[in-house]
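Reading the sequence shown from the start, the letters are residues 1 to 198 in the working numbering.
Backbone N, C-alpha and C define an ideal beta-carbon position, used for all residues, glycine too.
In this text the structure is predicted, and so the values were computed from the model without any measurement.
Read through the structure below, which is laid out as C-alpha cells, and then see the notes.
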Amino acid sequence: MQETKPTNLKMPSLPKIVGELMHSNQFLKMFSLSAIVLVFMVLGVILVMATKEPLVITLGPDGKAIERTALPKAEDQIREGIKGYLEKRYQWEPENVIKKLKESEQFITPKALKAFQGAVANVAKFSTEKIVSQRIYTDDDKIKIDLKNQTALITGDRVTTIQGLKAAGNLKLELTFENGQRTQKNPWGLYISKEREE
C-alpha cells in the first residue's frame, strides 16, 4: 500500500494580499478623514481669531490703564494743526525768525512751497535787520473751520514790536488747506495751499 503523504493546502496569496490591502486602506481612509476634520476645526479657530477685535491695554507712565476715548472730530484736529502752523509762522523774534519760518514749511503743500519761501524770505530779512518780533493772539472760537471748502478763517490780535516800539492790530487770515501725509513734524497731516491776509 502506498503511503499517503499529508498534503499541505496552500492558501492562495492573492486573497490574503487583497484583504491586507483593504484593511490598510480603511486605516488610511480613517486617517485622511480625521485629518480633514482637524484642518476644518483649525480653520474655524483661525477665522474666529482673525475676526475678533484685538485686546489692547494701554498703560500710562504711572502704570495705570488709560481709558479708551472716542476719536476726535475732524474740526478739532484741523484746529490744532492750524494752531501749530500759526505758532511757527506768526510768532517769532529776530533771533529765531529764520528757524521758525523754516519749521513752518512743514505745513505747506509742495506746489506752494516756492511761493511761500519767497514771501517769508522778505519777512526774515526785515525782521533781522530792523529787530522786529511778532506775536498773535487767537482763541479756539476765533478759528472757524469750513470742511466743505477746506478753508479756515482766523481772527485775533497781532502785536508787532519794532526796535522796542509795540504796535497792536487786528488779524484776519484765511487759510486754504489740504489733508496729506502725517509726519513727526506735522502729525495732523494738515497742509496749507493758500494764505490770504486782510
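Cα separation between residue i and residue j?
i, j, result
"LEU165", "PRO187", "36 Å"
"GLY169", "VAL159", "6 Å"
"GLU75", "SER34", "58 Å"
"LEU59", "ILE66", "6 Å"
"LYS142", "GLY44", "55 Å"
"ARG135", "ALA121", "18 Å"
"THR109", "VAL42", "50 Å"
"GLU174", "GLN150", "10 Å"
"ALA112", "MET49", "47 Å"
"ASN96", "ARG196", "24 Å"
"GLY84", "ARG68", "25 Å"
"LEU38", "LYS52", "21 Å"
"LYS172", "LYS114", "24 Å"
"LYS73", "SER32", "55 Å"
What is the C-beta distance between residue i and residue j, in whole angstroms, given that I count them as a contact (C-beta under 8 Å)?
i, j, result
"ARG201", "LEU101", "Past the edges of the chain, shown from 1 to 198, lies residue 201, and the structure says nothing about it."
"ILE145", "ILE78", "5 Å"
"LEU55", "ILE154", "Not confirmed; about 42 Å, so no contact."
"LYS185", "GLN106", "4 Å"
"ALA200", "ILE57", "A question about residue 200 goes unanswered here, because the residues of the chain that appear run from 1 up to 198."
Should residue i be labelled buried (16 or more other beta-carbon atoms within 10 Å of its own) or exposed?
i, result
"SER46", "Just to set this straight, residue 46 is Ile in the shown sequence, not Ser. It counts as exposed."
"PHE27", "exposed"
"GLY118", "exposed"
"PHE40", "exposed"
"ILE192", "buried"
"LEU147", "exposed"
"PHE116", "buried"
Within its chain, find whatever has a CB closer than 7 Å to the CB of residue i; leave out the 5 residues flanking it on each side and keep chain order.
i, result
"PRO94", "SER127, THR128, ILE131, VAL132, SER133"
"GLY189", "ASN179, GLY180, GLN181, ARG182"
"ASP140", "ARG79"
"GLN163", "LYS130, ILE131"
Using C-beta distances below 6 Å, list every residue in its chain close to residue i, excluding the 5 sequence neighbours before and after it, in chain order.
i, result
"TYR137", "GLY156, ASP157"
"GLU103", "LYS88"
"LYS194", "THR176"
"ALA167", "THR160"
What does DSSP give as the partner residues of residue i in its beta bridges?
i, result
"ASN186", "According to DSSP, ASN186 bridges with nothing at all."
"ARG89", "Answer by DSSP bridge pairing: none, since ARG89 is not bridged."
"ASP157", "TYR137, ASN170"
"VAL56", "DSSP, once it has assigned bridges, lists no residue as partnering VAL56."
"ARG196", "GLU174"
"VAL132", "ILE162"
"ILE143", "ILE154"
"ILE108", "ILE192"
"ALA65", "LEU59"
What does a CB cutoff of less than 8 Å around residue i pick up in its chain, not counting 5 residues either side in sequence?
i, result
"ILE98", "ALA124, THR128"
"GLU80", "TRP188"
"ASP62", "none"
State yes or no: is the C-beta of residue i nearer than 7 Å to some heavy atom of the ligand MN?
i, result
"ILE78", "Judged by which ligands are present, the structure shown has none, so any question about the ligand MN falls away."
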